[in-house]
Amino acid sequence: MIIVYALAAAAGLGLLWLGQNIRVIKQFERGVVFRFGRVRSGVRGPGLMVLMPVADRLQKVNMQIITLPVPAQDGITRDNVTVRVDAVIYFNVVDPVRAVVDVQDYMSAIGQVAQTSLRSIIGKSNLDDLLSNRERLNQGLELLIDSPALGWGIHLDRVEIKDVVLPDSMKRSIARQAEAERERRARVITAEGELQASEKLALAAGVMSKQPAALQLRLLETVVEVAAEKNSTIVLPFPVELLRFLERSTPSGSEDTDDVDDATTMPSVATSDPPQLKAPKVPDDPGALQPDALAARSGQLGDA
Numbered sequence: 002m003i004i005v006y007a008l009a010a011a012a013g014l015g016l017l018w019l020g021q022n023i024r025v026i027k028q029f030e031r032g033v034v035f036r037f038g039r040v041r042s043g044v045r046g047p048g049l050m051v052l053m054p055v056a057d058r059l060q061k062v063n064m065q066i067i068t069l070p071v072p073a074q075d076g077i078t079r080d081n082v083t084v085r086v087d088a089v090i091y092f093n094v095v096d097p098v099r100a101v102v103d104v105q106d107y108m109s110a111i112g113q114v115a116q117t118s119l120r121s122i123i124g125k126s127n128l129d130d131l132l133s134n135r136e137r138l139n140q141g142l143e144l145l146i147d148s149p150a151l152g153w154g155i156h157l158d159r160v161e162i163k164d165v166v167l168p169d170s171m172k173r174s175i176a177r178q179a180e181a182e183r184e185r186r187a188r189v190i191t192a193e194g195e196l197q198a199s200e201k202l203a204l205a206a207g208v209m210s211k212q213p214a215a216l217q218l219r220l221l222e223t224v225v226e227v228a229a230e231k232n233s234t235i236v237l238p239f240p241v242e243l244l245r246f247l248e249r250s251t252p253s254g255s256e257d258t259d260d261v262d263d264a265t266t267m268p269s270v271a272t273s274d275p276p277q278l279k280a281p282k283v284p285d286d287p288g289a290l291q292p293d294a295l296a297a298r299s300g301q302l303g304d305a
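When the count follows my numbering, it moves up by one through the sequence shown with no breaks and lands on 305 for the last residue.
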């Protein structure tokens, strides 16, 4: 019985030893083995791996493409516009030994380099480039991040600028600029249309001047178009040539001379004028206006 317990205990210890020294490496992982602190040559591939007790320590490295969002960074562009830009990075580890040995935490290191590089790109670019020319900025940002990342055994797959947040005042300014640009294009298109229409009308006028029948046909078409609508408009076409004929046949000034002759031959009407009173004659001598003279003169008037 004691032997059975001893065998069971030995089997348990063996299983415990195996459990502590056997590791499973997945397909998308690679293993870096440290034996007494020194890196073993070669990288362990996927599968089952047995470690030496106490001496070996395994560190797994993920070889998949990692998506790392870059926090939004505030910056001032080269044309002095305050913006807020965020980005995203896609990278993977190509050298597990360097990623484990040369840098303490390659995820944090890549994130910090991405933030500083994004700020640098914002300061070197104009606002129009951030809004419309993002491919070139993505390439420049990738070059800035890829330089230190290669030394850490990391390969950048791609870098993308996700969003550019503008202040509200700048959004209103851009909206006014876009509206003015659309208004300018509309006016140019309208002017070009009027120019082409005037050229075509000039050609049509030349053709109609050579062929008067064309003008008559056009007039009839206009009458048909007006008559097609349900309205009470009455259109009476009147040839322009007839108006010109009447204008040439009417003598100028005949009606004015007739009016003048009628006015001169009109008989005068006799009217009875009221009797005219003669004003008294005032003497030239002032002395004649004395009181005695006035009384004598009044007496004469009374006798009369």
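Glycine included, C-beta positions come from ideal geometry on N, C-alpha and C.
State the DSSP-derived secondary structure class of residue i, mapped to helix, strand or coil.
i, result
"K163", "strand"
"L221", "helix"
"N63", "strand"
"L278", "With a pLDDT of 48 at L278, under the threshold of 50, the modelled position of that residue is not reliable, and the figure given next carries that caveat. Residue state, collapsed to three classes: coil."
"T83", "strand"
"V102", "helix"
"A228", "helix"
"V5", "helix"
"V114", "helix"
"R41", "coil"
"A88", "strand"
"A11", "helix"
"T265", "Note on T265: pLDDT 45, under 50, position unreliable in the model; no value is reported."
Would you mind reading off the limits of the beta strand (DSSP E) that contains residue i?
i, result
"R183", "From DSSP, R183 is part of no beta strand (DSSP E) but of the alpha helix (DSSP H) over D169 to K211."
"Q74", "I67 to I77"
"V25", "I23 to I26"
"G32", "E30 to R36"
Thinking C-beta only, is residue j closer than 8 Å to residue i?
i, j, result
"V160", "I77", "no"
"L96", "G38", "Per the sequence shown, the amino acid found at residue 96 is Asp instead of Leu. No. Outside cutoff."
"R45", "V55", "no"
"V62", "A11", "no"
"P64", "F29", "Reading the sequence as shown, one finds Met at residue 64 and not Pro. Yes, the pair counts as a contact, with Cβ atoms nearer than the cut-off."
"V165", "L131", "yes"
"V84", "L167", "yes"
"D103", "G152", "yes"
"M209", "L216", "yes"
"V5", "I23", "no"
"L119", "Q74", "yes"
Determine the extent of the alpha helix (DSSP H) in which residue i is found, giving its start and end residues.
i, result
"L47", "First, the amino acid is wrong: residue 47 is Pro here, not Leu. No alpha helix (DSSP H) contains P47, which DSSP labels as neither H nor E."
"V95", "No alpha helix (DSSP H) holds V95; DSSP gives it neither H nor E."
With distance defined between alpha-carbon atoms, name the residue in the options nearest to residue i.
i, options, result
"G141", "S133, G152, S126 and A12", "S126"
"E143", "V208, A115 and V104", "A115"
"D158", "L69, G207, R135 and L52", "L69"
"D1", "D103, K172, G124 and A11", "The structure shown has nothing for residue 1, since the chain only spans 2 to 305."
"P72", "V86, V208 and V225", "V86"
"I67", "G48, M53 and Y107", "Y107"
"Q318", "I26, F246 and A88", "Residue coverage of the chain in this structure runs from 2 to 305, which leaves residue 318 outside it and unanswerable."
"S133", "K163, S109 and R41", "K163"
"D129", "K172, A206 and A181", "K172"
"P149", "S174, T117 and I175", "T117"
"I146", "A110, V98 and I3", "A110"
"V40", "D57, T251 and M53", "D57"
"R135", "L247, A88, L8 and I175", "A88"
Query raised in the report: Of all the alpha helix (DSSP H) runs that stay within the bounds of the region 120-166, which reach a length of 4 or more residues?
Result: Counting only runs of 4 or more, we get 128-133 and 135-151.
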